[in-house]
Every structure is written in C-alpha cells, then in structure tokens.
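Using the working numbering, the final residue of the sequence shown is 334, and nothing's skipped along the way. Everything on this sheet refers to the single structure shown next.
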Amino acid sequence: MIRLLTICLLSTCLAQGQMKYVFQRPEMGSPFTITLYSPDSSAAAAAATAAFQKAEELNAILSDYIDSSEINRLSATSGQHRWVPVSPPLFDILRRSVQAALLSEGAYDISVGPVVRLWRQARKAHQFPDTALLHNALARTGYRHIHLDSTTHSVWLEKEGMQLDVGGLGKGFVAQAALDLLRQQGYPVAMVNAGGKIVLGQVPPGKKGWLIGINAPGEKETLLPSFLLLKEMAVATSGDIYQYVELNGKRYSHIVDPRTGIGLTRRRNVTALAPDGTDADWLATACSVLSWRKSLQLIRKIPGAALLVTEMKNGKISRKSSPGFRSYLQKP
3 MIRLLTICLL STCLAQGQMK YVFQRPEMGS PFTITLYSPD SSAAAAAATA AFQKAEELNA
63 ILSDYIDSSE INRLSATSGQ HRWVPVSPPL FDILRRSVQA ALLSEGAYDI SVGPVVRLWR
123 QARKAHQFPD TALLHNALAR TGYRHIHLDS TTHSVWLEKE GMQLDVGGLG KGFVAQAALD
183 LLRQQGYPVA MVNAGGKIVL GQVPPGKKGW LIGINAPGEK ETLLPSFLLL KEMAVATSGD
243 IYQYVELNGK RYSHIVDPRT GIGLTRRRNV TALAPDGTDA DWLATACSVL SWRKSLQLIR
303 KIPGAALLVT EMKNGKISRK SSPGFRSYLQ KP
C-alpha cells in the first residue's frame with residue numbers, strides 16, 4: 003500500500019495563481035483520487051470529471067466483476083476456435099499483459115482468472131480451495147494460449163474455460179489513462195491514485211517532487227522511515243495488508259502464484275517504480291511472486307524501473323532495493 007502524504011480535500015493557494023484541487027470517488031472497488039493544479043476551480047472540476055469518466059469507461063470494459071464487461075464476453079468465447087475483434091483499450095491491455103507474462107516468465111499471467119476466483123471463494127468461506135477444483139482451474143490457464151492479431155485487433159483464446167483477469171495490472175493501466183487525459187486537457191501537474199497505484203505528472207509549484215510514503219509489511223498505518231520523492235513516474239506496491247485469508251495457521255495473500263495456483267504466504271511488500279503506471283503495477287505483482295534474484299533480473303529489462311522489497315521476518319523488517327532505487331528516497 004502506498005500513501006500520498008498530506009492529501010487534503012480543500013484547495014491550497016500556491017504561487018503564480020495555481021491552486022491545488024483534490025477530487026475523490028470510488029472506482030474499481032477502491033478510492034480513486036485525482037490531484038491537479040489549476041488557476042480555475044470550475045475548469046479543474048471539469049477535467050477531473052472527464053478523468054473519472056475515463057476510469058468508469060475502462061472499468062466497464064476490463065472488470066471481471068461485471069458480467070456484461072467486454073473482457074468477460076471475450077472470456078466466454080474461449081475454446082471456440084475463432085478470432086474475436088475487441089476494442090482498442092482491451093487489445094492494448096491484453097498486449098501489455100502478454101508482454102508482461104513473457105518478460106516475467108509467467109510470474110504475471112492475465113489468464114489466472116479461474117484460480118483467482120477459487121481463492122476469492124476461499125477468503126469468503128475461510129476454507130482452502132478444493133484440490134481437484136484447483137487442479138482443474140490451473141488446467142484452464144496459460145498466457146501462451148492467448149493469441150493476438152494486431153492488424154485486426156482480434157483475440158483468440160485457445161483453451162476452453164479460460165477467464166481473463168487484469169488484477170495486478172488493471173488499476174495501473176486505468177490510472178495512467180486518466181493521467182494522460184488530464185495532460186491532454188492541459189493539466190501536466192497532476193496525480194492519479196487508483197487504490198494505491200499512483201501515477202505522477204510534473205512537479206507541483208514550489209516543490210521538488212511528489213512525496214510518497216510506503217507502508218511497512220502487513221501494516222495499515224505504519225510507514226517506512228524514508229519517503230519517495232518522484233516526478234513523472236509511477237509507483238505501485240503489492241502486499242497482503244487488506245486481502246488475505248488465514249488457514250491452518252498460515253496467511254495466504256490474494257496474490258496467487260500463476261505457476262502453482264497457491265496464494266503467497268510471505269509477509270512481503272514489493273514497491274515498483276516505472277515511467278508508466280501499467281508497468282509499475284504488474285512489476286509489483288510479478289516481483290511478489292519471484293525470488294529476489296529473479297526480480298532483479300526482471301527489473302533490468304524495464305528501462306527506468308526500480309524496486310524495493312521489504313519483508314517481515316521474526317518481527318524485524320528487512321529491505322532490499324535494486325540499483326538506483328535509493329536515489330528516489332528522501333528523509334521526511
């Protein structure tokens with residue numbers, strides 16, 4: 003979980019006639035916050051409204067919680083041996099997802115939907131998923147069975163019973179789209195926080211950057227002693243602060259290893275930085291699954307990316323960071 007420090011829902015007067023405006027709505031099951039700087043309150047509100055509408059439009063396409071969403075309609079065609087034309091946003095996120103799966107060697111996999119649904123039920127019932135059902139769900143996954151045709155923007159889902167799930171990537175994708183829209187409307191100094199997946203524009207007036215706090219592993223209120231100072235970047239943290247289930251004395255995260263179908267059991271927070279919200283989001287997810295060595299190898303494949311891994315072991319917090327991450331840290 004990432005926290006933007008000193009968020010205020012009131013406007014703040016700044017130099018050069020610029021004022022800070024913060025708008026918040028629930029989107030994608032989380033608080034969705036837009037911060038921007040403008041000399042005009044009405045124009046700021048109109049820009050934020052347009053960005054919220056963009057988020058709603060994308061959620062209607064990408065959410066597997068909405069039965070009529072485009073991604074669910076696409077999943078329903080799996081195993082039918084046919085190409086299905088899809089909208090540009092859906093094709094784009096599928097393209098990015100398959101690329102993420104290839105780069106991470108399957109540590110991130112958009113096709114893990116059947117397994118994720120079993121774990122959602124497990125969290126509600128406080129019961130480990132049935133072994134046979136889990137085996138069957140795993141058999142219906144595999145990003146290599148997703149075929150894309152960039153010429154016709156069409157998709158062929160080869161395996162029957164596939165269920166696409168953009169969790170671990172979708173909020174970063176939507177946040178980036180909202181920030182890009184704000185820039186197009188003439189608001190380069192802006193921030194979009196989609197449930198902890200944060201994308202940042204240019205530096206606010208009179209500041210050196212956006213100051214971001216990072217939660218300690220498993221803690222909702224406790225922050226690490228150092229903060230991030232960022233501009234024109236994205237940051238995402240994956241962990242099990244809010245979504246997990248305890249079964250037989252073991253804590254299972256909502257993050258599932260696509261290769262085994264089992265929820266992660268490490269008390270670990272992974273914070274990823276990248277120039278793009280989509281990359282930051284899936285990198286945080288994939289590096290939650292991968293070992294530290296594999297995570298470092300993956301981060302090196304993404305220009306401008308950096309990584310911090312914090313783990314709770316025997317009541318103590320250990321930290322590891324990729325080369326370059328410390329350059330973004332600042333003492334409060």
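Glycine included, C-beta positions come from ideal geometry on N, C-alpha and C. Since the model is a prediction, treat every value here as computed from it, not as a measurement.
Reducing DSSP to helix, strand and coil, say where Asn61 ends up. Numbered from its first residue, the sequence shown carries residue 61 at position 59. Residue state, collapsed to three classes: helix.
I'd like to confirm the pairing. Which residues does DSSP put opposite Ala308 in its beta bridges? The residue you call residue 308 lines up with position 306 of the sequence shown. Among the bridge pairs identified by DSSP, Ala308 is matched with Leu275.
On the criterion of 16 or more Cβ atoms from any shown chain inside 10 Å, does His256 qualify as buried, or is it exposed? Numbered from its first residue, the sequence shown carries residue 256 at position 254. Per the 10 Å Cβ criterion, buried.
Can you check whether the CB of Gly174 is closer than 7 Å to the CB of Ser32? Taking the sequence shown and counting its residues from 1, the one referred to as residue 32 is at position 30. Taking the sequence shown and counting its residues from 1, the one referred to as residue 174 is at position 172. Against a cut-off of 7 Å, the Cβ pair of Gly174 and Ser32 comes out as no contact.
Answer yes or no: do Val272 and Ala282 have a C-beta to C-beta separation smaller than 7 Å? Residue numbering aside, residue 272 sits at position 270 when the sequence shown is read from its first letter. Residue numbering aside, residue 282 sits at position 280 when the sequence shown is read from its first letter. No. Outside cutoff.
Would you say Tyr145 and Ala192 are within 7 Å of each other, going by their C-beta atoms? Indexing the sequence shown from 1 puts residue 145 at position 143. Indexing the sequence shown from 1 puts residue 192 at position 190. No, they are not a contact pair.
With a 10 Å radius around its C-beta and 16 neighbouring C-beta atoms as the bar for buried, classify Tyr330 as buried or exposed. In the sequence shown, counting from the first residue as 1, residue 330 sits at position 328. Classification for Tyr330: buried.
Close-in-space but distant-in-sequence residues of the same chain around Val311 (CB under 6 Å, 5 per side omitted): Taking the sequence shown and counting its residues from 1, one reaches residue 311 at position 309. So the list reads Val272 and Lys322, once near-sequence residues are dropped.
What does the alpha-carbon distance come out to for the pair Gly215 and Leu230? Position 213 of the sequence shown, counted from the start, is the residue given in the question as residue 215. Position 228 of the sequence shown, counted from the start, is the residue given in the question as residue 230. Cα to Cα, Gly215 sits roughly 6 Å from Leu230.
Taking Arg302 as the reference, which of Pro325, Leu184, Ser113 and Val100 has the closest Cα? For the purposes of this step, residue 302 is identified with residue 300 of the sequence shown, where counting begins at 1. Minimum Cα distance to Arg302 is reached at Pro325.
Between the segment 82-101 and the segment 142-157, do three or more beta carbon pairs fall short of 8 Å? Yes, the segment 82-101 is in contact with the segment 142-157.
Measure the CB-CB distance between Val291 and Trp121 and report whether it falls below 7 Å. For this step, residue 291 is matched to residue 289 along the sequence shown. For this step, residue 121 is matched to residue 119 along the sequence shown. No, Cβ-Cβ distance for Val291 and Trp121 is not below 7 Å.
Using three-state DSSP, classify Glu313 as helix, strand or coil. Residue 313 sits at position 311 when you count from the first residue of the sequence shown. If DSSP states are grouped into helix, strand and coil, Glu313 belongs with the strands.
If I follow the unbroken alpha helix (DSSP H) through Ile95, where does it start and stop? Counting from 1 along the sequence shown, the entry for residue 95 is found at position 93. Element bounds for Ile95: Pro90 to Leu105.
Determine the extent of the beta strand (DSSP E) in which His149 is found, giving its start and end residues. For the purposes of this step, residue 149 is identified with residue 147 of the sequence shown, where counting begins at 1. It spans Ile148 to Asp151 - the beta strand (DSSP E) in which His149 sits, taken as one unbroken run.
Presumed contact (8 Å Cβ cut-off) between Ala179 and Leu60, rounded CB distance: To locate residue 179, count along the sequence shown from 1; it is residue 177. To locate residue 60, count along the sequence shown from 1; it is residue 58. Rounded, the Cβ-Cβ distance is 6 Å, consistent with contact.
State buried or exposed for Ser293, treating a residue as buried only when at least 16 other CB atoms are found within 10 Å of its CB. The residue you call residue 293 lines up with position 291 of the sequence shown. A residue is called buried once 16 or more other Cβ atoms fall within 10 Å of its Cβ, and Ser293, having fewer, is exposed.
So, with DSSP's three-state summary, where would you put Gln55? Taking the sequence shown and counting its residues from 1, one reaches residue 55 at position 53. In this structure, Gln55 counts as helix in the three-state DSSP scheme.
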